[in-house]
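In what follows, a single structure is set out as structure tokens and then discussed.
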DNA sequence: CAAAATAGGGACAGGGTTGTCCCTATTTTT
DNA sequence: AAAAATAGGGACAACCCTGTCCCTATTTTG
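Chains as they are written, first to last, in full-length UniProt numbering: chain C, 1 to 215; chain L, 1 to 215.
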């Protein structure tokens, strides 16, 4: 048994794809300011952690090696075992190959969140957690989005990247100034600062000779 | 046609899972200091970009929506189409469900890298690119690793996280001092600095009352 | 026991990012 | 033509992270 002394949220992420696991962990840390997040790359490690720690939230990708990813039974077995070992936690399933039936099965087991990997955008986990808190569950099945192309330039700061990303999605008919204000509100900064970042990003791109069309 | 004026490496990442795409982009930016990376969440966007830009490196996940992920033909079709549109680029396929045959098929089409998602660790892409440069190809099929559990605490800086991660993997028989020296060499910093980071990380964890066993 | 390793700190400079404020041309709208 | 929006800058303080150097107890190892 583990000490649950701290006020931190204890989270466990079970996912075999290293980059995806890290990304999920980052998302969760951003969503839960005071958090301790454990990562497990396979079921064995996960079971060890589940036995020695108590978690408030467990994120599971059932498509793990050692279990046939195409076998519905195997996938659900993984989920079942983990649920048995953490009965008090909130469980969210994340998968690359989602189906409606699997969600229903998971729900019967006690899972409250079911998310398709291609429908998890940066920052989306906050919404999911809130939805779970409010409605008791949250489902986001696979969804072919019409996301605009993205553009990343080494030499831009994260803020500049972010602001630029938003500006590139500016709908026609909306002035840049409006975007600045939206951004200011969203990031809780001055609209003038947002403007500044955009301009600096633009200047950097111009200097290197390549800025995407649409300015 | 596009201007290839700059000295930057032009990269395209085609991957429908948003978090994974971002992670790959970050990895590539770290691996290629002067780079411009474009991201496409689906084949349509990818084709648009391929027609308007010229790329040096294209990373493809063939498991895209709109194409049956279980259909070998569909997957290879995606790869084929992209290769046709960027004949001069280096092509690397990244997939969550890798098979030996698929690699062979891809290779015939002109792909030089074939990586299983669960075998891409942070920093691994540098090695892959170097291997491609040296041997002409690089393959990393699915591999159930015995990775140790990971531990992330909000409040630790990236450096502290990183150093802590390494220290937690310390084999018995190796002194911490040895690890400090290894870390110093690896990150090109003073061993004393590595020691400092570890101690500060430890202090933070103690203060919040939770440090993983193994100190 | 003596030496090495470890725990637990403090001080400090440098660098980059962030965020705010202010400035002047030029272009686009109204 | 007047007003608003945009491009393209500069200056500046605050903050955090990084990296280096130095210090003293305590514990472990040889």
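Where is the CB? At the ideal position from N, CA and C, for every residue including glycine.
These numbers were taken from a predicted model, which means no experiment stands behind them.
- Taken residue by residue, none of the stretch 181–192 of chain C has a beta-carbon sitting less than 8 angstroms from a beta-carbon on chain L.
- Positions of the alpha helix (DSSP H) runs, each at least 4 residues long and wholly inside the stretch 174–212 of chain L, are given as 176–187, 191–208 in order along the chain.
- The three-state reading of DSSP puts residue 120 (chain L) in coil, since its state is none of H, G, I, E or B.
- Distances from the alpha-carbon of residue 102 (chain L) to those of L:130, L:91, L:81, L:73 put L:73 closest.
- By the CB criterion at 8 angstroms, residue 149 (chain C) and residue 169 (chain C) fall outside the cutoff.
- Taking the Cβ atoms as the reference, residue 58 (chain L) lies roughly 11 angstroms from residue 37 (chain L), outside the contact range of under 8 angstroms.
- Across the set C:160, C:120, C:128, the C-alpha of C:120 shows the shortest separation from the C-alpha of residue 144 (chain C).
- Between the stretch 40–60 of chain C and the stretch 80–97 of chain C, the count of Cβ pairs shorter than 8 angstroms is three or higher; the stretches touch.
- Close to chain C, meaning a Cβ-Cβ distance shorter than 8 angstroms, are the following residues of the stretch 8–20 of chain L: 8, 16, 17, 18, 19, 20.
- Residue environment analysis places residue 62 (chain C) among the buried positions, since at least 16 neighbouring C-beta atoms fall within 10 angstroms of its C-beta.
- From the listed residues C:34, C:99, C:106, the smallest Cα separation to residue 78 (chain C) is found for C:106.
- Residue 24 (chain L) and residue 19 (chain C) have their C-alpha atoms roughly 8 angstroms apart.
- Taking C-beta separations shorter than 6 angstroms and ignoring five residues to either side along the sequence, the partners of residue 164 (chain C) in its chain run 201, following chain order.
- Under DSSP, residue 40 (chain C) takes part in a beta bridge, and its partners are C:14.
- At a cut-off of 8 angstroms between C-beta atoms, residue 29 (chain L) counts as an interface residue with respect to chain C.
- Spatial neighbours of residue 39 (chain C) in its own chain (CB-CB distance under 7 angstroms, excluding positions within 5 residues in sequence) are listed in chain order as 13, 21, 25.
- Residues of the same chain with a CB within less than 7 angstroms of the CB of residue 95 (chain C), apart from the 5 flanking positions on each side, are 61, 62, 63, 116, 117 in chain order.
- Identification of chain C residues near residue 37 (chain L) by a Cβ-Cβ cut-off of 7 angstroms yields 152, ordered along the chain.
- Taking the C-beta atoms as reference points, residue 43 (chain L) is found no nearer than 8 angstroms to residue 28 (chain L).
- Any Cβ of chain C closer than 8 angstroms to the Cβ of residue 208 (chain L) would place that residue at the interface, and such an atom is present.
- Within a 10 Å sphere around the beta-carbon of residue 138 (chain C) sit 16 or more other beta-carbons, which makes this residue buried.
- Look at residue 201 (chain C): its C-beta is not under 8 angstroms from any C-beta on chain L.
- Between residue 16 (chain C) and residue 46 (chain C), the beta carbon gap of about 10 angstroms keeps them out of contact (Cβ cut-off 8 angstroms).
- In the structure shown, residue 153 (chain L) adopts extended strand secondary structure according to DSSP, grouped into three states.
- Contact of residue 149 (chain L) with chain C is assigned, a C-beta pair being separated by under 8 angstroms.
- Contact between residue 112 (chain L) and residue 132 (chain L) holds, since their C-beta atoms are separated by about 5 angstroms, short of 8 angstroms.
- Looking at the DSSP output, residue 114 (chain L) bridges to L:93, L:139.
- As computed with DSSP, residue 9 (chain C) is found in a beta bridge with C:35.
- Relative to residue 80 (chain L), the option among L:104, L:110, L:8, L:179 whose CA is nearest is L:110.
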